[in-house]
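Comments concern the structure below.
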Amino acid sequence: MSLLYEGKAKRIFSTGENDVLRVEYKDEVTAGNGAKKDLIEGKGRLNNQITSHIFNYLKAKGGKSHFIEQISETEQLVQSVEIIPLEVVVRNIAAGSITKRLGFEKGHEFDEPLVEFFYKKDDLNDPLITEDHIKLLHLAEDNEINSLKEAAKDVNAVLVQLMDEMNLRLVDFKIEFGRTNDGQILLADEISPDTCRIWDKDSDTNFDKDVYREDRGSIIETYQTFLNKLEAL
Ligand code: TMP
Numbered sequence: 001m002s003l004l005y006e007g008k009a010k011r012i013f014s015t016g017e018n019d020v021l022r023v024e025y026k027d028e029v030t031a032g033n034g035a036k037k038d039l040i041e042g043k044g045r046l047n048n049q050i051t052s053h054i055f056n057y058l059k060a061k062g063g064k065s066h067f068i069e070q071i072s073e074t075e076q077l078v079q080s081v082e083i084i085p086l087e088v089v090v091r092n093i094a095a096g097s098i099t100k101r102l103g104f105e106k107g108h109e110f111d112e113p114l115v116e117f118f119y120k121k122d123d124l125n126d127p128l129i130t131e132d133h134i135k136l137l138h139l140a141e142d143n144e145i146n147s148l149k150e151a152a153k154d155v156n157a158v159l160v161q162l163m164d165e166m167n168l169r170l171v172d173f174k175i176e177f178g179r180t181n182d183g184q185i186l187l188a189d190e191i192s193p194d195t196c197r198i199w200d201k202d203s204d205t206n207f208d209k210d211v212y213r214e215d216r217g218s219i220i221e222t223y224q225t226f227l228n229k230l231e232a233l
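Count the sequence shown with UniProt numbering and you get residues 1 to 233, in order.
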């Protein structure tokens, strides 16, 4: 099975089956577009298990994604899609880049979930882009942009509820979408503590990559505790 693509956190392989790919989650951890980088044993296993759990949960709630099944501790099978080079970020509470960009206090609760688009382009440092930019770059049509926003809000609603049951607050997260051979748009990539901000409701503990970004402890312990909470539901 040949390696088709290697990113910062995953490797993608072909399989014998048409339109089915194998994703292997790596132990590499990066932050700030690769400015901070480490190999942390066990990270790939945890993100594969957490993403598999969350995609299965979304499926049970009627949400479609590229996810087919988890096949080992670090691997899953997914449907092949062409990734749309957009990071779709949903924010419920201000944290991270929006506090610096627009001056919101960290922890400010938004009246409505906010959807933002970032252009996935490493050499430009993944800039925030407008809907007109998306059309100008021919990344998606008007109706597709609306579908992405609605799909992102639907994922948010399901995940906010899930986290609530775990006594956690879903602050924000990033998702990606892809197009299938027949032009259908599907949720893709991963949903894990690497791609979300998740805060405990009763303490200032967080269960996400900010622990690594801000050198605040072990991400293995943090992600394992999060997985235990997920599996205990
Ligand atoms: P931000 O506050 O840095 O814009 O990030 C918002 C959310 O998106 C946060 O949960 C982290 C996630 N994210 C990624 O998963 N990958 C990225 O490349 C970026 C910029 C953010």
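Ideal Cβ positions, reconstructed from N, Cα and C, are used throughout, including at glycine.
Bear in mind the structure is a predicted one, so any value in this text is a computation, not a measurement.
{"Check": "Length-filtered (4 minimum) alpha helix (DSSP H) runs lying within the stretch 57-106", "Outcome": "97-102"}
{"Check": "Residue 235 CB to nearest heavy atom of the ligand TMP below 7 angstroms", "Outcome": "Nothing can be reported for residue 235: it is not among the residues displayed for the chain, which extend from 1 to 233."}
{"Check": "Assigned exposure category for Pro193 - 16 Cβ within 10 Å defines buried", "Outcome": "buried"}
{"Check": "Span of the beta strand (DSSP E), counted from its first residue to its last, around residue 236", "Outcome": "The structure shown does not extend to residue 236, since the chain is modelled only from 1 through 233, so no value can be given for it."}
{"Check": "heavy atom of the ligand TMP below 7 angstroms from Phe177 C-beta", "Outcome": "no"}
{"Check": "Cβ distance (whole Å) where Ile134 is taken to contact Phe117 below 8 angstroms", "Outcome": "6 angstroms"}
{"Check": "Collapsed DSSP secondary structure at Leu159 in the structure displayed", "Outcome": "helix"}
{"Check": "Three-state class that DSSP yields for Gly178 in the structure shown", "Outcome": "strand"}
{"Check": "Segments assigned alpha helix (DSSP H), at least 4 residues, entirely inside the stretch 110-164", "Outcome": "131-136"}
{"Check": "The ligand TMP heavy atom lying under 7 angstroms from the CB of Ser147", "Outcome": "no"}
{"Check": "Three or more C-beta pairs below 8 angstroms linking the stretch 71-87 and the stretch 224-231", "Outcome": "no"}
{"Check": "Pairwise C-alpha distance: Glu6 and Glu17", "Outcome": "20 angstroms"}
{"Check": "Length of the line joining the Cα atoms of Thr51 and Gly63", "Outcome": "14 angstroms"}
{"Check": "Under the three-state DSSP convention, the category Ser52 falls into", "Outcome": "helix"}
{"Check": "Bridge partners - Tyr5, DSSP secondary structure assignment", "Outcome": "Ile12"}
{"Check": "Cβ-based burial, Ala95 [other Cβ within 10 Å; buried from 16]", "Outcome": "buried"}
{"Check": "Cβ-heavy atom distance, Ile98 to the ligand TMP, below 7 angstroms", "Outcome": "yes"}
{"Check": "Inter-residue spacing [alpha-carbon to alpha-carbon] between Asn92 and Lys100", "Outcome": "16 angstroms"}
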